[in-house]
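For reference, the structure is listed below as structure tokens.
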Amino acid sequence: MKGIRLLALLLILCLTMGVAMIPASAETGDTSEFVTLTMYLVSEEPPRYEAMLEEFNALAREELNCELKVNFIGWGEFQTKYPLLFSSGEEFDLVYVATWLDYANLAHRGAFLPLEDLLPVYCEESMKNQPEEALLQATIDGHVYAYTSNLKTYSAYGAIVRGDLMDKYGLTEISNMEDYAVYLQAVVDNDPEFTNPAGGMNDILFDEMYLFGAGLYPLSGSTGSIYYIDPDDPDHTVFAAHEWEGFRDMCVELKSYADAGYWPKSILSVTDDAATLLNQGIAASRIHNFDSWVGAYTTNPDWDMRWFNLIPKINYLSFMQDAMAVPVTSKNPERALMLLDKIRSDERYYMLLTYGVEGVDYTLDENNFITTLDTDQFTSQPGTWGFRTDEFNKQAAGSPPTYYEEKEKLEAIVVPNIFRSFNLSTEPIKNEYAAMQNVYSQYYNTLAAGITTDVDGDIAKLTKQADIAGNDACKAELQLQVDAFYAEYGD
Amino acid sequence: MGKGTFRRELRKNYPLFLMTTPAVVLVLLLSYIPMCGLLVAFKDYRFNLGIFGSEWAGYGGFENFRFLFQSGKGWSITFNTIAYNLVNLLTSQALAIMVAIVIVEMRGKIFKRVSQSVIFLPFFISWIIVGTFVYNLFNYEYGTLNSLRIALGMEKINLYVMPYAWVFIIVFFNSWKWVGYNSVIYIAAITNVDSSCYEAADIDGANIWQRIRYVTLPAIRPTVIVILLLNVGRILRGDFQMFYQIVGMNGQLFDATDVIDTYVFRSLISGGDAGMTAAATLYQSVLCFIIITVVNAVVKKIEPDYALF
Amino acid sequence: MEANTTAINKPVHIRITASQRVFYLLGYLLIILVALCCLLPFIMLISASFTSESYIMRNGYGLWPAEFSTAAYTTLFKNGTDILHAYGVSGFVTLAGTAAGLFIISMTAYVISRRDFRYRNQITFFFYFTTLFNGGMISTYIFFVRYLGLKDNLLALILPLLFNVFYLLIMRSFMQNIPASIVESAKIDGAGEFRIYRQLILPLAKPGLATIGLFIALEYWNDWYNAMLYINERELFPLQYLLYRTLSASQSLSRIASQTGIRVADLPTQSLKMAMAVIATGPIILVYPFVQKYFVKGITIGAVKG
């Protein structure tokens, strides 16, 4: 009897707790009430952040009758803490979201407030500069759940190489992977102190150079995708990376590069960032995008870093790489959006949050290039990519002199790609998709890293395991989604 | 055992019941109440609906469990998990017992103190650091192992394509990390042995091996059994960091080294949800429960005092 | 009989037999081998913490710092007050948690070791069940933060680790060694349960208390997970978590550097990890030898006989 009573008590406790875990809906309030807004960003908190926030809040209090409190989730813990923000029902008002932070999944599961009706009203000023695609790319299940940054970034990937070495070897141009191999071979032959000439690490990008280079589009919207389509294919057939017709040739070529020593055999255990490898003189080059080249150049001006784009057809990357959202638990969504609007349209707010206090944390030179004064006290852009704007974003001093030239070159070859706005949902196939991720991490990476001892054998294994994992079911479901998307938004 | 006997026991041993109260309250609060989270494994979890508001998952609530078996790997990762735990358990405890016996029997106070401290050091080295050490030891280009092989005139060897070599590597590092920690319990248990037993053995003319065999080992048998049982109760759980840091993303090694925890981690990197994670944990819990109940019942028949419960 | 007592009181003849010689040889060999395996990596750790980052990246680890550099330590101690605070927090949490935990565990272990306590198996199962089934991080987190309101509260660091069922059962096994006759004779003398526990059992269970006390203390000292979940105020960071955040900040600095082109000098990340381990381990290794002296027999049981 006592046992049953105890059990009943426990049950009641559980139920109460469970019921109480249902988050309250946001209330609508009027704008004349003083509120404190809480924002979560993913980054480390700079020591001088509080000091900067004092000045920021002085403005916010005066103009919007509100105050901002910022909490940071560090890089070491975001995988645990970030999803917990939403499952714990914590109340906060703004949060950084991104494709790589599982935005689509979170949105689909009801973490965010729909914004399509609120944005035109409360973010009127900044919406003037917001591209249509950006809103489309933030749309999940028919609702706009995020307000993306409007900074244009490019899907171009290429070889970042050392200009001093290029000159030394007498090379001038890298227009495809074969040219790149020439450079790498020269490094291997002449400068063996580079133990990892291509900057290979466990986050492999070599395979993407072939896939992207062939004009294929990754359905996940970024690197590491399993499924691809060809945007020029009128049927938009969905296929897995290993089913691409050029896959075998790519594997053979990558194997020859690995055998030639362009990257270490234990590449899958290399956890150091390729940028670090480059800076430390262990790598003589790396495959990455335009912005990384700018960074590499600025960090090592003596080496005259050069960049050669290897993707002929490029688009603007999805704006959902960086965005801000309002969680369902927010008590002041309107005020939060108004503040966000201010940050994006009023330079004073923007500069404070992004770069700190002028004169103390940064200086601007005559070309409007920015120099951070003390990275220990205030690094630039602490978690602020979610509200970066084309208008206010500053170029770092020390950027390559050919910066604008290179940017123009990219602009010239940008082609539209409606599929950038496609958000795939793995929900209906979540088990098969999880199984496919496992299959790829076990069998695909070996091939992509060229460290396989038997190309055909491993391709056969990969194919077989993929079939067992439910490759066909995944493709069928994704095909439905792609077709539906294209029917609605395609030309 | 009806209500009457419980009341009688309560009255008779009132103070004893009272003494268990703090622990019982703590456990109720911190473990039993949050246990309603187990439901997440069976739900299609939505943030705006919470645990109780979310709908039940498909397949009679078992939708979240499918991914464990979808790729046909379900049995192999379960087998790997159990096998590794068993082998690790036996090797690490055997080593710890041997080390403990030697340390207690040794002469030389300073030697004993220093060696005890030294063997504890690996406990403080996190698996992340061990991972970097392993890489430095075994990588093909300039790893210590290969440098040694070259110095001895042998060819370099690429361990990263030899999955079953890593079984030994993992077992070794597991014993290495825990030897100091494990031996502490045994040292305490051995020093607790009644000295009159040793005296009796000496009088009977036993040599040191016999003394160990007939006095020391039987005396620490209860401790050994308890530790074995406790570990059997965790036989489906893996030390995720150990496997992840040592093996990393080297897919070629997965067949031999993949355990449930690493498999789940990789499956859910993107598109995963709380339900699937909870399902994996629940799978481990249920299997552990079945196994320990059976084992405990067997032990209880043989020697009731040694059983866990 | 008399021969026996004199034999005990006389100085021991050191007559080393052949079997003893073999034992000592094998024994020393084993210990030295194991100790070397344990010591060498740690030496490499210390050496790496004093080596420049670029050297480590290029050449890996060695036993002696080839390119000496204190960059890792200067980065860690940059906010010296932070580290002092963290030591304080860790110290307090460890001491308070260990004391409370040891008390609760030993008391409970005593109760369930008593063979005349009828419901001991049921209560033990009640505890043990929680090691098998766990509600998961989400519900535990919600319970702590929303219902107990333990955000930024040191209790959130102490409570989760306070009662460990494994330690309970190990302690129980130590206490089962204590003969029931002692307890019975004490009860006949009219002592209450709690008094028996405090004055009789605790002294006899010294090795057990030392062992479990050490384990609890280590768990508290090494814990950063609970801090990550529940603590946001920098002043309340325990040591391990602070070190973890410092490392994270350093790594993110390199990440930012490559994207925004900020020039950052030789950032210590690998050596930083090593330095962290050295700083966190240091106090324990210094304290441990003193704890070892508690691994002695409890008051001789024979003294109570007869």
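Residue numbers (this note's numbering), protein chains in the order written: chain A, 234 to 724; chain Z, 98 to 406; chain G, 3 to 308.
Beta carbons are placed, not taken as given, at the ideal position from N, Cα and C, and that holds for glycine.
The structure presented is a predicted model; accordingly, all values stated were derived computationally and were not measured.
Quiz item: For the 8 Å Cβ check, are there 3 or more pairs between the stretch 168 to 188 of chain Z and the stretch 391 to 399 of chain Z?
Solution: no
### Query
Where do the N-terminal and C-terminal ends of the beta strand (DSSP E) with Y133(Z) fall, by residue?
What you label residue 133(Z) is simply residue 36 of the second sequence in a count that begins at 1. Residue identity differs from the one stated: residue 133(Z) is Cys in this sequence, not Tyr. Taken as a continuous stretch (DSSP letters only), C133(Z) belongs to no beta strand (DSSP E), as it is neither H nor E.
**Prompt:** Helix, strand or coil: how does DSSP classify E260(A) here?
**Reply:** As a first step, residue 260(A) is located in the first sequence; it is residue number 27 there, counting from the start. The pLDDT assigned to E260(A) is 34, lower than 50, so where the model puts this residue is not dependable, and the model offers no usable value.
task: Measure from the C-beta of R247(G) to each C-beta in chain A and report whether the shortest distance is under 7 Å.
output: Taking the first residue of the third sequence as position 1, residue 247(G) is located at position 245. Yes, contact with chain A.
Check: Cβ atoms of I233(G) and D154(G): under 7 Å apart, would you say?
Finding: As a working mapping, residue 154(G) is identified with position 152 in the third sequence. As a working mapping, residue 233(G) is identified with position 231 in the third sequence. Yes, the pair counts as a contact, with Cβ atoms nearer than the cut-off.
(Q) Closer than 9 Å between beta carbons: that is the criterion. Which residues of the stretch 111 to 130 of chain G meet it against chain Z? (A) Under the 9 Å Cβ criterion, the stretch 111 to 130 of chain G contributes Y112, V113, I114, R116, R117, D118, F119, R120, Y121, R122, N123, Q124, I125, T126, F127, F128, F129, Y130.
Query raised in the report: How about V291(G): is its C-beta nearer than 7 Å to some C-beta of chain Z?
Result: Residue mapping note: residue 291(G) aligns to position 289 of the third sequence, counting from 1. The residue you asked about is not Val; residue 291(G) is Pro in the sequence shown. Yes, because at least one Cβ of chain Z sits closer than 7 Å to the Cβ of P291(G).
Original post:
the stretch 166 to 192 of chain Z: which residues have C-beta closer than 8 Å to a C-beta of chain A, in chain order?
Top reply: Residues Q167, S168, G169, K170.
- Item | Cutoff 8 Å; reference S252(G); Cβ partners in own chain excluding five residues on either side | To locate residue 252(G), count along the third sequence from 1; it is residue 250. Closer than 8 Å at the Cβ level, and outside the excluded window around S252(G), lie T77, L269, P270, T271, L274.
Candidates Q698(A), M434(A), Y530(A), of which the one nearest I515(A) by Cα: Counted from its first residue, the first sequence places residue 515(A) at position 282. I515(A) has its Cα closest to that of M434(A), out of Q698(A), M434(A), Y530(A).
Residue burial classification, W275(Z) (beta-carbon count within 10 angstroms, cutoff 16) = Reading the second sequence from its first residue, position 178 is the one you call residue 275(Z). Buried.
Requested in this report: Spell out whether any CB of chain Z is found under 7 Å from the CB atom of T679(A).
Outcome: Indexing the first sequence from 1 puts residue 679(A) at position 446. Output row for T679(A): interface = yes.
Using a cut-off of 9 Å between C-beta atoms, extract the partners of I140(G) located in chain A. Within the third sequence, the letter at position 138 stands for residue 140(G). Within 9 Å Cβ-Cβ: P316, L317, S320, S321.
TODO: Please go through the stretch 68 to 124 of chain G and give each complete alpha helix (DSSP H) segment of 4 or more residues, from N-terminal end onward.
DONE: Segments of the alpha helix (DSSP H) lying fully in the stretch 68 to 124 of chain G: 73 to 79, 82 to 115.
*asked:* Please report whether the beta-carbon of G307(A) lies at a distance below 7 Å from any beta-carbon of chain G.
replied: Against the first sequence, residue 307(A) aligns to sequence position 74. Residue contact with chain G for G307(A): present (Cβ-Cβ distance below 7 Å to some residue of chain G).
- request: With DSSP as the reference, label D358(Z) as helix, strand or coil.
  value: Reading the second sequence from its first residue, position 261 is the one you call residue 358(Z). It is helical.
(message) Can you tell me whether C39(G) is helix, strand or coil according to DSSP?
(response) For this step, residue 39(G) is matched to residue 37 along the third sequence. Helix.
Check: How is V224(Z) classed by DSSP in three states: helix, strand or coil?
Finding: The residue you call residue 224(Z) lines up with position 127 of the second sequence. Sequence inspection shows Trp at residue 224(Z); the Val mentioned does not correspond to that position. Reduced to three states, the DSSP call for W224(Z) is helix.
Measuring alpha carbon to alpha carbon, tell me which of F217(G), D118(G), L244(G) ends up nearest A229(G).
By 1-based counting over the third sequence, the position of residue 229(G) is 227. For A229(G), the nearest C-alpha among the options comes from L244(G).
Integer Cβ distance of I140(G) from S453(A), believed to fall under 8 Å | Counted from its first residue, the third sequence places residue 140(G) at position 138. Counted from its first residue, the first sequence places residue 453(A) at position 220. So it is not a contact: roughly 26 Å between Cβ atoms.
What does G210(G) reach in chain Z if we use C-beta pairs closer than 7 Å?
Residue numbering aside, residue 210(G) sits at position 208 when the third sequence is read from its first letter. Those are A285, listed as they occur along chain Z.
Using the Cα positions of N298(A) and V268(A), report the straight-line distance between them to the nearest angstrom. As a working note, residue 298(A) is residue 65 in the first sequence. As a working note, residue 268(A) is residue 35 in the first sequence. Answer to the nearest angstrom: the Cα atoms are 7 Å apart.
Below 8 Å on C-beta distance, what does A344(A) contact in chain Z? The sequence position of residue 344(A) within the first sequence is 111, counting from 1. Here the neighbours are F144, N145.
Taking Cβ positions only, does Q513(A) come closer than 7 Å to chain G? As a working note, residue 513(A) is residue 280 in the first sequence. For Q513(A), the answer is yes, since a Cβ of chain G falls inside 7 Å of its Cβ.
If you measure between the beta carbons of V394(A) and S518(A), is that distance less than 7 Å?
Against the first sequence, residue 394(A) aligns to sequence position 161. Against the first sequence, residue 518(A) aligns to sequence position 285. Against a cut-off of 7 Å, the Cβ pair of S518(A) and V394(A) comes out as a contact.
- Three-way DSSP call (helix, strand, coil) for K708(A) in this model: Sequence index remark: in the first sequence, residue 708(A) carries index 475 (1-based). Note: K708(A) maps to helix in three-state DSSP.
For T302(G), the three-state DSSP class (helix, strand or coil)
By 1-based counting over the third sequence, the position of residue 302(G) is 300. Confidence in T302(G) is poor, its pLDDT being 42 and thus under 50, which makes the residue's placement unreliable; the coordinate value appears in the next sentence. Looking at T302(G) - three-state DSSP - the assignment turns out to be coil, as it is neither helix nor strand.
Just verifying my parser: in three-state terms, what is the DSSP assignment at S276(A)? As a working note, residue 276(A) is residue 43 in the first sequence. Reduced to three states, the DSSP call for S276(A) is coil.
Note to self: Buried or exposed, going by whether 16 or more other CB atoms sit within 10 Å of the CB of T261(A)?
What the structure shows: Your numbering for residue 261(A) matches position 28 in the first sequence. A caution first: T261(A) carries a pLDDT of 37, below 50, which makes its placement in the model unreliable, though a value can still be read off. Exposed.
Nonlocal neighbours in the same chain, by C-beta distance under 7 Å from P319(Z), ignoring five residues either side: As a position in the second sequence, residue 319(Z) is number 222, starting the count at 1. Once the five neighbours on either side are set aside, the close Cβ partners of P319(Z) are Y403.
| query | Counting only beta-carbon atoms, is A229(G) nearer than 7 Å to chain A? | reply | As a first step, residue 229(G) is located in the third sequence; it is residue number 227 there, counting from the start. It does not: the Cβ of A229(G) has no partner Cβ on chain A nearer than 7 Å.
> Is it buried or exposed for I284(Z), if we count other Cβ within 10 angstroms and need 16 for buried?
Replying inline: Your numbering for residue 284(Z) matches position 187 in the second sequence. Looking at its Cβ environment, which holds 16 or more other Cβ atoms inside 10 Å, I284(Z) is buried.
message = Assess contact between the stretch 220 to 237 of chain Z and the stretch 331 to 351 of chain Z, defined as three or more Cβ pairs (one per stretch) separated by less than 8 Å. Is contact present?
response = Contact between the stretch 220 to 237 of chain Z and the stretch 331 to 351 of chain Z is established, with three or more Cβ pairs separated by less than 8 Å.
Which whole-angstrom value describes the C-beta separation of T359(Z) and G138(G), a residue pair presumed to lie in contact below a C-beta threshold of 8 Å?
Taking the first residue of the second sequence as position 1, residue 359(Z) is located at position 262. Taking the first residue of the third sequence as position 1, residue 138(G) is located at position 136. Not confirmed; about 19 Å, so no contact.
Exercise. Which word fits F70(G), buried or exposed, when buried means at least 16 other C-beta atoms lie within 10 angstroms of its C-beta?
Worked result: Looking up residue 70(G) in the third sequence gives position 68. Answer is exposed; the Cβ neighbour count stays below 16.
key: Residue closest to Y129(Z), alpha-carbon to alpha-carbon, out of C40(G), Q22(G), T132(G), Y75(G)   = Within the second sequence, numbered from 1, the residue matching residue 129(Z) stands at position 32. Nearest C-alpha to Y129(Z): T132(G).
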